[in-house]
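Residue numbers (our numbering), protein chains in the order written: chain A, 15 to 132; chain B, 1252 to 2308; chain C, 14 to 314; chain D, 78 to 310.
Each residue gets a CB set at the ideal place from its N, CA and C atoms; glycine is no exception.
First the structure, in the form of structure tokens, and then the observations on it.
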Amino acid sequence: MVQIAMATGFILILMGLYGALTNHNILRIIVSFSVANTGVNIILVAVGYMHGRTAPILNEAVPVAEAAARIIDPVPQALVLTAIVIGLGITTLMLAFAYKLYERKGTLDISKFSELKW
Amino acid sequence: MVNVIFIIVIGLGAAFLLGLLRENWRNAAYALTIGSLVSMAWIAARWLLFFAVEGGTTVEVFTAGTEPPFAINLRMGIAEAVLLLVVIFSGLLSAVYMSKSLFRLGGRAMSVLLVFIMALCGIILTRDIFNLFVFFELAVIATAGLLLISENKQALSAGFKYLIISQLVSVFLLIGIIFTYHVSGSLNIDTIAGVSLDTMKGIGSLAFFFMLIAVLTEAKPFPANGWALDIYESAHPAFSAMFSAAMAGSAAVYAVDKLLLIGGQQWLPVVTAIGLLSFVAANLLALAQTNDRRTLGYSSVGQVGLILAVIGQRDILGDNYLFIAGGILLSHAVAKAGLYWISGLIGQRNLTDWAVLRRHPMLILSFVSFIAMLSGLPPFPSFYAKWDLVMILATENRLWILAFILLGSLLEASYLFRWFGYILKRETPRQEKNEVENKSPLLSLVPHKLLVIFSALATSWGLAYLWGELSAYDNLFYALPLLFALSFLLLEWVSVWIKNTLAIAGMVAYFVISYPLYDPLQIIFAAIFLLGGAVILLASYHVHGRRIGFYPSAMLMFAGLAMLVVAEDSFHFFAAWEFLTIGSYFMILRGKNSEPHALSYIIFSLGGAFLILTGFALAAQGVVLFNLGSLAHVAAPIAPWVFLLLAIGFMTKTAAIGLHIWLPGAHAEAETDVSPMVSGILLKAGLFGLMVLLMNMGKQQLYGIELTYVMLWIGALTAFLGNLMAVFQEDAKRLLAYSSIGQMGYALFGLALMNQLGWLMALMFVINHYIYKSMLFLSVGGVAKRTGTRDMYKMGGLIAMMPLSFIAVLIGIIAVSGVPPLSGFGGRWIFYNAILSSEYRLPMMLIFISGPIAFLYLFRLIHTIFLGQLKDDHRQIKEAPFWIMLPQMIYVAALMVFAVVPGLLLRHVDAYLSPFFAESAARGGLNWQGLTITSDYGYWSPIPIMVIIAIIFALLFAWLVFVNRKAQKVKQFNIVYSAERPFRPETTHFAWNFFAPYRKAMGFLIQPFVTRFWETLTELLHTIADLFRRFYTGNGQTYAIQLLAFVVVVYLFRVEF
Amino acid sequence: MQFEWIQIPYALLTLSIIINFGLLMNAFVAKIGARVGRRVGIPIYQNYIDLIKNYGLRSSITHGVMFYLGPVFRLTGGIGLLMFVPTIYGSVMFSNFSFAGDLILALYFIFFGTLGMALGAGESGHPHAAIGVSRGLSQVTMAELPLALAVFSIALQYNTLSVTEIVAAQQGGVLNWTLFTNPLAVVAAMLSFLGSVMRPPFDVVLAPQEIPIGPPTEYHSSYLALMQTNRVIFPIAKMVIFMNLFFGGADNWPVFFVKIFMIYMFAVFIGVVFPRFRVEQSIRWFLIWAVPIGILAVIVV
Amino acid sequence: MIKRVIVLLFLLGLGLLFIAFMQGYTPDSELNLTGRYYAEHTAQDIGATNIVTAIIVTYRGLDTIGEVTVLFLTAAIVGMLLSRGNRKGKSLQRELPQSGELLTTGSYLLVPLILLLGAYVFINGHLTPGGGFQGGAIVASAILLMLLTDPLRHFSHQLIAIVESISGLLFVIIGVLGLFYAGGFLDNRILPTGELGSLFSAGAIPVIYSLIGLKVGAEFSSMLVNLSETEDS
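Written as structure tokens, this is what we have:
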């Protein structure tokens, strides 16, 4: 189970990166990175997962005393939330940049934005 | 003590508060921004005070009322305090600097700035790896935002490239973090570091690798740094200052440092390798740059690489770690920020456009201080740091690392000083009239921007003082000569007359004060350096006005020389060496066309200095204050290497053949009174070094080759080729310069003979060469000043116009050529006696042949300038100015005195030297009894020689005068000329290519092989640089691929380790 | 040895002997040269006449101070050189002022006159003078080298730089001469000698066909007289050194005259046989033939 | 083409590293040091039933404040970026098609409900799955819906900014209060932890999470509005 999730995550990352590194269109690049980010998030969650346990919320099913034996690791859950939000922030920013770049040149081909070089 | 968390709280709170302010309350917003930055700075400063002065210890700050590792904690120690100050101050000053842009963009931009600074502080403070990630992302996003401040349209694409990279980085970092968490069960750096090493193997080490590489990427390592260069090039300079000084130079490297606690020792080599590669490669590629900000970007990458390399050497640095890393880091931060701030004043982006700074001494001083800081020159912190670093590396036998660091430093210094040459020497760009409207002005001197730059300047000197205090050695600022030299910076506004008088008085007074401390050898050198310098300075009275920049540089050189003579340990020796190098470089650069020559001078000198540094470091083997006398006790396997390094280093200064190409241009193009200083005085510093070296280390063998024997050959070759090249010069000052090379060859040869007479001869050369070369340079300089050219064939017949100069040259050339009765003969006489007692014969041949060759160029010098046909343009010429003539006349007198009573000086030295050669098989020194000087082989009595010759001469002269008492001087063209009269002197003055037949016969020997070698080398470096920088295609995607490749390749290498 | 006033008349005596000997020898050699060429040649007293005539002439022309000083330098060089070397071995009377310096002094003093002469010629402003100087200096640098090597070699051999001691070491038979004890040095020195006596094949400096009489072009009357005097003294002074160093010196005047004459004839013989070299040719010649011998002499000794 | 091959090659290398991760990975069977501490101490120390919330808001509150700042920053930069050079007059020239009856009416019905749900989610963040971020996102989706129905609808940037800033500022202030009245920065125990499982429990967590919710909602909205206003090209 964990292995599958993790493999999925890694594959998503590789796919995302492949897309990001080969597509010329900026929007596609952004989307590809989103895919890769998703892959990372899946891995984060997968690392926290423990077989046969439940979500780290104390309720009737999980009394405080037994919590340590019943819940999965809560830390990656917390981390993934942060990671998602940050990923979102960067994606938004890239989109806004992409918009301005398009406005300037009328193209979204990344290879056209290479005046700064060497 | 204010809780450290308030630094973050204030940053954040102010950022949020800014959102509340109305759009048009910009003043309030700006005041809030500055206010919060100031209070953040105050907190950091207070803590620094606590740690540094009050002796406080590191403090842990918990959040959420829970102890780590269960909640995030921050740590405040002295390193953090310093870095926070750097970060916040760079932010504060940049905020002041770009106030106009911030006003334009409003509160949002200010809050982004605040968040940026806050995030960097967070990176420094936090002890939690995930928190580190969050702060990094904040910094990344804020960077993208701050790029928009730039007026450069390309900043947008640079920002986008950076975002792409940061996506990759965050992927790597997160993977690394989560698996690290998995194996260690914690996110707290210290807890993870405490976990047993076994867990960090396998997947743990892989996870760590991902974290490390991600954080390293933020430090912009070569080659995964194209995006960073684009940012540096396009961003607002004030942001680049922060980006370089605070983000890469402080926060990112400190994050690496923290992470290495987890990875442990085994990862240090990786960081070292990446750092060194960046340092060398970035500085190499920078050679081919023309854009100023991009150049600074490359330099930034390089410096951060150096800091990384230092971090990678942490295992051996011990207690010095903070001192060394801090010295380099702070130097980089202040200097780079300062340079970026200066670049903001300048309207155009080519390096040569910086020439607009020329009229602004304070800005030039700033620029110089900054590049000196970057190059690791004294008295700046990077100098102390580099010194300690090199010492330790040599002790620990990490010589490759040492070599790469020095190579990178040399490359960096080359383009920085080349740039400085542009500033002083290139044509000031002119604003086209029709372009005025749509282009920014060439130089905009905005008061608040200047304030920012000058505060960086003040900081740089403050740090220099501080590091002097912290170092294990004396603070260089307490050296009287240096203070004296620096005080001339404050006197720049007064006239030459006063400054010159002060300078002369100071030098003479210092000599008098120190006189009792000198031993005889030191007296000779000190007298030449200080008194000799004072005599040459007399000539400087001929300049009017204020002569800005001359006195600080000249005095810096003399301060270095004065300190060199009395230096007892390697540190002071080296510091003095650097001072005199820098001072003389500035002086040489003052010449009209001296830009390329001054550059090659400084590059060769620094290269030589690095060799010396390495030599000392190898010799010291960790001893903190390494006494120069202890060179004698250096153990066998390294002793010859130490000798080799030091000898080559010193021979660079004496312009031994192969390392000589800097000299002719540098000496020839310098100003009239500078040429004698650098030729007559400065060259002796190299000889002094060699004397110290040889006196202590004696003969050394490397692979069975006697090194002094090699030196003997080098000296002979130098004497021969130097003289030969002098023969074919058309330019009078170049001729003298080549002659200096030859003369130094003689002196080198004498030293390498390693017997008492050889040394005595070398000293004789030291004195003689000082006198006659200073005199000749002054005369020729005076003539060049009057005629407006240095090409000898354009002169001629000047004897009638400038008789005193003629006399000086005449006496000078008789002395140089060694013809009796003048003092040059003494040198030759001692020389013959010296070689008779030496067992080496073959190299003498070259010396024999070079003696007569000297006649050729000397005759040419006097003939083509003063004799022959006077040119029509020169008929109204006057004698050289009084102040230029005065020292020459002093020299004439000195030559006469020295010719008659050489024993006055030499006998003491002779007595002083004899103990050093007591054990050698060769027989002792000279016998100075009575009027005759006797050696084991022959004898010489200067006074009878002088008297006999004078009497014969006077009698014949009197007779001739008596006989021809009615003779009249005929007109210029009254000569036997095939029954025709030449009416133009040009056709009759046989001067150009004077020794044509000689060139036919011997010209094959002076093919410019050496010049070609160095030129090819330079060209090769530039070609490589130009080729490899194309690697940065400008395509954001390519940069990402490069980063990916970097990650994979580094891992593969890591596996290899 | 110290200076005493009596040395001054002694020195003047030496000088007058040498001048007379030189004038006669030069005329004699010229005569030989003419006879070889089947001409009558000059009378043996011709040089006296020339010299006296020139001393008697008055000139009202000068080109400047250095022009004036040129001949003075030149002659000072010649006389000085003679004075710094002992003429007759073992004679107090004819050891001149050799207490002032050793062999090195003599070697370097050779250049004193050359330099002064060149300066004077330079001020005349005549290009031919300058060309002559250029040629002369170029040639002399290479021509002197074998001599320097030879001197170094024998200084090593006798372990002294004092001329008197070198001569002393060669006493007691012909086989003790340096000529036999160190033949390589002598060969090198004699080849060098060829280059410095201004006879073919190394007389391009004064080559009358190309540059009428070289450096002295503008000199006339009493200026020329001084130079002519020097041309008498200087070669002999030089040959005295050669004689002392290589051929056992001379302990009386007859031996002195013979030895000097023989040494001079060596150059004359070669001169009448060979044609003139150009400067670069002569430099190469010395470099290829004479210098290696000198080096060998130094190494072998 | 070459580029693709190169990229593939290096990705292959990266993939190999990933495989190494996979192979070396052994899932935990027990909670590790940190996880165990949270499982055992959260209830009594913090008083939140949702342990993840406790971690996010309190234990790792510094992360969260950074996270919120990321959004704040992004919103500010997007605003800066898009306001640059955008002149108001020529904002939209062409006619937009009507968004349709269904969507319009549906939005009237749904928007209040969505807002309510959002508020519920962030107020109950310490008890149930969810929290400020989720709630904020839900709130923003209401705005999105409104924008979909009427792309030309004008939202007050000023209002959004004020909500955003005030909530952010309060978050920081509450954090600082923790410094003075409890164990440290962001300590939630400035308010009583209350009874485990009740709404008013877990100290300041509900307050903080509500502020986060508001702030996130405002920031998302601000981004959406800003991006939608680019709709002219």
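Inset, instruction - In angstroms with no decimal places, state the Cα-to-Cα distance between residue 1358 (chain B) and residue 1369 (chain B). - result: 16 Å
Inset, instruction - Determine the extent of the beta strand (DSSP E) in which residue 303 (chain D) is found, giving its start and end residues. - result: Here residue 303 (chain D) belongs to no beta strand (DSSP E); instead the alpha helix (DSSP H) covers 282–305.
Inset, instruction - Look up residue 107 (chain D) in the DSSP assignment and give the residues it is bridged to. - result: Its beta-bridge partners do not exist; DSSP assigns none.
Inset, instruction - Determine the direct distance from the alpha carbon of residue 88 (chain D) to that of residue 1453 (chain B), and round the result to whole angstroms. - result: 21 Å
Legend entry - Best match in B:1967, B:2256, B:2114 for proximity to residue 2309 (chain B) [C-alpha to C-alpha]: Because chain B here runs from 1252 to 2308, residue 2309 (chain B) falls outside it and cannot be looked at.
Inset, instruction - Note down, in chain order, each residue of its chain lying with its Cβ closer than 8 Å to the Cβ of residue 1898 (chain B), except the 5 sequence neighbours on either side. - result: 1941, 1944, 1958, 1962
Inset, instruction - Measuring alpha carbon to alpha carbon, tell me which of B:1517, B:1892, B:1639 ends up nearest residue 1952 (chain B). - result: B:1892
Legend entry - Residue interval of the alpha helix (DSSP H) (run including residue 87 (chain D)): 79–101
Inset, instruction - Indicate whether residue 1482 (chain B) and residue 1413 (chain B) have their beta-carbon atoms separated by less than 9 Å. - result: yes
Legend entry - Exposure label - residue 1870 (chain B); buried when at least 16 CB within 10 Å: buried
Inset, instruction - Would you check if the distance between the CB atom of residue 1879 (chain B) and the CB atom of residue 1947 (chain B) is smaller than 9 Å? - result: yes
Inset, instruction - Could you check what DSSP says for residue 216 (chain C) in three-state terms: helix, strand or coil? - result: coil
Inset, instruction - Check the DSSP bridge columns for residue 1377 (chain B) and list the partner residues they point to. - result: B:1325
Inset, instruction - Flag this pair as touching only if the segment 1850–1869 of chain B and the segment 1903–1922 of chain B have three or more C-beta atom pairs under 8 Å; answer yes or no. - result: yes
Legend entry - N-terminal and C-terminal residue of the beta strand (DSSP E) that residue 1313 (chain B) is part of: 1310–1313
Legend entry - Cβ shell of residue 2284 (chain B) (< 6 Å), same chain only, five flanking positions each side left out: none
Legend entry - Backbone CA spacing between residue 2291 (chain B) and residue 1475 (chain B) [nearest angstrom]: 8 Å
Legend entry - Three-way DSSP call (helix, strand, coil) for residue 2129 (chain B) in this model: coil
Legend entry - Assigned exposure category for residue 2244 (chain B) - 16 Cβ within 10 Å defines buried: exposed
Legend entry - 7 Å CB neighbourhood of residue 1710 (chain B) in its chain, flanking five on each side removed: 1585
Inset, instruction - Pull up the distance between the alpha-carbon of residue 2067 (chain B) and that of residue 2022 (chain B), whole angstroms please. - result: 10 Å
Inset, instruction - Spell out whether any CB of chain B is found under 9 Å from the CB atom of residue 303 (chain D). - result: no
Inset, instruction - Please say whether residue 1252 (chain B) and residue 1371 (chain B) have beta carbons closer to each other than 9 Å? - result: no
Legend entry - Residues in the segment 100–122 of chain A having any Cβ partner in chain B nearer than 8 Å: 100, 101, 103, 104, 107, 108, 111, 112, 114, 115, 118
Inset, instruction - Using DSSP bridges, identify the partner residues of residue 1820 (chain B). - result: B:1878
Legend entry - Members of the segment 2279–2292 of chain B that neighbour chain A once the beta carbon cut-off is set at 7 Å: 2280, 2281, 2283, 2284, 2285, 2286, 2287, 2288, 2291, 2292
Legend entry - Secondary structure of residue 2185 (chain B), DSSP reduced to three states: strand
Inset, instruction - Give the residues of chain B in contact with residue 259 (chain D), contact being defined as C-beta atoms less than 7 Å apart. - result: 1316
Inset, instruction - Reducing DSSP to helix, strand and coil, say where residue 258 (chain C) ends up. - result: helix
Inset, instruction - Compare the C-beta of residue 2242 (chain B) with all C-beta atoms of chain E and state if any pair is closer than 9 Å. - result: Within the model displayed, chain E is absent; protein chains A, B, C and D are what it includes.
Inset, instruction - Tell me whether the beta-carbon of residue 196 (chain D) lies closer than 9 Å to the beta-carbon of residue 207 (chain D). - result: no
Legend entry - Whole-angstrom C-beta distance between residue 1834 (chain B) and residue 1808 (chain B), which should lie under 8 Å: 3 Å
Legend entry - Rounded C-alpha distance that separates residue 114 (chain D) from residue 83 (chain A): 12 Å
Legend entry - CA-to-CA distance, residue 1678 (chain B) to residue 1843 (chain B), given in whole angstroms: 12 Å
Inset, instruction - Hey, could you find the ends of the alpha helix (DSSP H) residue 1630 (chain B) is sitting in? - result: Premise fails: residue 1630 (chain B) is in no alpha helix (DSSP H) and is neither H nor E.
Inset, instruction - With DSSP collapsed to three states, give me the class of residue 260 (chain D). - result: coil
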